[in-house]
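In the numbering used here, the protein residues as written are 488 to 800.
The beta-carbon is built from N, C-alpha and C at its ideal position, and this holds for glycine as well.
The structure under discussion appears below in the form of structure tokens.
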Amino acid sequence: MTNNHLASSASGPARLLKRLGRSDVDLFDLKQGTPLPWRPTSRDDVPAAAWAQLEKSCDSLELERLLLIPGTGKRTWIGGRLAMRTRVLAFGTTGVGEWTENDGVGAVEFMPVDDLLAIDDRVILLRGRLALIGRTRRLETHYNTVARALFLENVLRLRQMIAGPRLATERNFVWLGMDVEPRPASELPYKWANLLLERTDLRIDSPEAEMVAVGDVVELGARRKGPATGLALLGPRELVIAAEPPNRADDPRHGVDLTVVPRRHIRDVGWSRGSLTIRLVADGASGPSISRPLDERLFEAMRQSFGDAVAWA
């Protein structure tokens, strides 16, 4: 029985998948149109057109740096949305390329490492979105986070490539909650304590000398209205903001947005009218800005924790 048959069956995908012994991940694939990415084990696994075009853009290709994201057929079963085409994502020595199939030989979008200024890495349950922010372009990939480990290995390597020199930091921790009074790290809610202490994708440097700022965070499932909040850390080479995904009014707010900016690319950081803005710089010239809704208490905690290690707008 094909996925198209499953999608159109009147008995519903959930019951059919259960009858066939298939997993909830398969149901997610049908609903969201995001099959599992996988790492090819031989060149024959990669569409010939993808290999040829990506090799031109990314210089040398290595199988362990390739991810194949299968297409989803003509349409998904929910909402009649058009499905995604097959894609191949390549993390090369000179940049990141994404080949997308079309009716011809396909098309490649390419982000040179030298142009890459920041990374936005979003995870909401099984939905992942990796956005590479360059001087004049943006490369964005959506994927199923069951395959998160395959992405993470390559993203951390990419962060190392663009991080730049180590700058001065000293250990500091500031958490401003509802009462706008500092609170100790030992009282952090589980989600944020786990993120700070256990997540391997939060930092690329040792935490010994990092500066940490925390906003109005609460336990997962607790009702809290207001803008997205979270924590931020300033390490020797990166500014990382780990916050609830914006534009999500539902409670609890699942997921985390990691906004990663090499310190050498930060011009200044400011907050106005509910949004944090990071203005970027590259080779002495002004670059684009990153702006996202964010809790003002987190921004104030950043100012107190980071001090003059960051330029403030």
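Suppose the cutoff is 8 Å on Cβ atoms and the five residues either side in sequence are ignored; what does the same chain contact list for residue i look like?
{"i": "Pro599", "result": "Thr581, Gly582, Gly621"}
{"i": "Thr716", "result": "Gly702, Asp703, Val704, Ala730, Glu731, Leu781, Asp782, Arg784, Leu785"}
{"i": "Gly593", "result": "Pro534, Ala536, Ala537, Gln540, Trp586, Thr587"}
{"i": "Arg530", "result": "Trp538, Leu550"}
So residue i and residue j are supposed to be a Cβ contact under 8 Å. How far apart are they, rounded?
{"i": "Ile691", "j": "Arg724", "result": "7 Å"}
{"i": "Thr764", "j": "Ser778", "result": "5 Å"}
{"i": "Gly742", "j": "Ile556", "result": "The Cβ separation is near 20 Å, so there is no contact."}
{"i": "Val595", "j": "Gly579", "result": "With 8 Å as the limit, Val595 and Gly579 do not qualify as a contact, their Cβ atoms being about 11 Å apart."}
{"i": "Gly615", "j": "Arg751", "result": "Contact doesn't hold; Cβ gap of about 27 Å is too wide."}
{"i": "Ala769", "j": "Thr656", "result": "Contact flag wrong, Cβ pair sits at about 22 Å."}
{"i": "Arg552", "j": "Asn641", "result": "6 Å"}
Just to confirm the assignment, what range does the alpha helix (DSSP H) spanning residue i have?
{"i": "Leu541", "result": "535–545"}
{"i": "Met789", "result": "783–793"}
{"i": "Ala680", "result": "677–684"}
Go to residue i, then tell me how far its beta strand (DSSP E) extends in each direction, as first and last residue.
{"i": "Trp662", "result": "659–662"}
{"i": "Asn641", "result": "Counting along the chain, Asn641 falls outside any beta strand (DSSP E), though it belongs to the alpha helix (DSSP H) covering 635–649."}
{"i": "Pro652", "result": "Run containing Pro652: none; DSSP gives neither H nor E here."}
{"i": "Asp744", "result": "743–749"}
{"i": "Arg572", "result": "First-last for Arg572: undefined, no H or E at that position."}
{"i": "Arg754", "result": "753–759"}
{"i": "Arg616", "result": "614–621"}
{"i": "Leu604", "result": "603–611"}
{"i": "Pro599", "result": "594–599"}
{"i": "Thr432", "result": "An answer regarding residue 432 cannot be provided, because it is not within the stretch 488 to 800 covered by the chain."}
{"i": "Leu523", "result": "Premise fails: Leu523 is in no beta strand (DSSP E) and is neither H nor E."}
{"i": "Glu725", "result": "725–730"}
Check residue i in the structure and name its three-state DSSP category.
{"i": "Pro714", "result": "coil"}
{"i": "Ala772", "result": "strand"}
{"i": "Asp688", "result": "coil"}
{"i": "Arg552", "result": "helix"}
{"i": "Arg530", "result": "helix"}
{"i": "Pro694", "result": "helix"}
{"i": "Val797", "result": "coil"}
{"i": "Thr632", "result": "helix"}
{"i": "Glu706", "result": "coil"}
{"i": "Glu674", "result": "helix"}
{"i": "Gly558", "result": "coil"}
{"i": "Glu627", "result": "strand"}
{"i": "Pro733", "result": "coil"}
{"i": "Pro500", "result": "Per-residue confidence for Pro500 stands at a pLDDT of 36, beneath the threshold of 50, marking its modelled position as unreliable; the derived number appears in the next sentence. Residue state, collapsed to three classes: helix."}
Apart from the five residues just before and just after residue i, which ones in its own chain have a Cβ nearer than 6 Å to its Cβ?
{"i": "Ser510", "result": "Caution is warranted here: a pLDDT of 41 is assigned to Ser510, below 50, making its placement in the model unreliable, and no coordinate value can be reported."}
{"i": "Ile728", "result": "Ala719, Thr746"}
{"i": "Ala634", "result": "Leu523, Pro524"}
Residues in its own chain within less than 7 Å of residue i by CB, not counting five upstream and five downstream?
{"i": "Ala788", "result": "Val661, Trp662, Leu663, Ala700, Val701, Gly702"}
{"i": "Asp755", "result": "Arg766, Ala798, Trp799, Ala800"}
{"i": "Ile649", "result": "Val600, Leu603, Pro749"}
{"i": "Gln647", "result": "Ile691"}
Can you tell me whether residue i sits near the ligand MN, meaning its C-beta is under 7 Å from at least one heavy atom of the ligand?
{"i": "Leu553", "result": "In the structure shown, the ligand MN is absent, as is every other ligand, since no ligand is present at all."}
Evaluate the contact criterion for the stretch 779–787 versus the stretch 677–697: three or more CB pairs, one atom per stretch, below 8 Å. In short, these stretches do not touch, since the Cβ pair count stays below three.
Three Cβ pairs or more, each shorter than 8 Å: is that satisfied between the stretch 617–632 and the stretch 540–548? No contact exists between the stretch 617–632 and the stretch 540–548.
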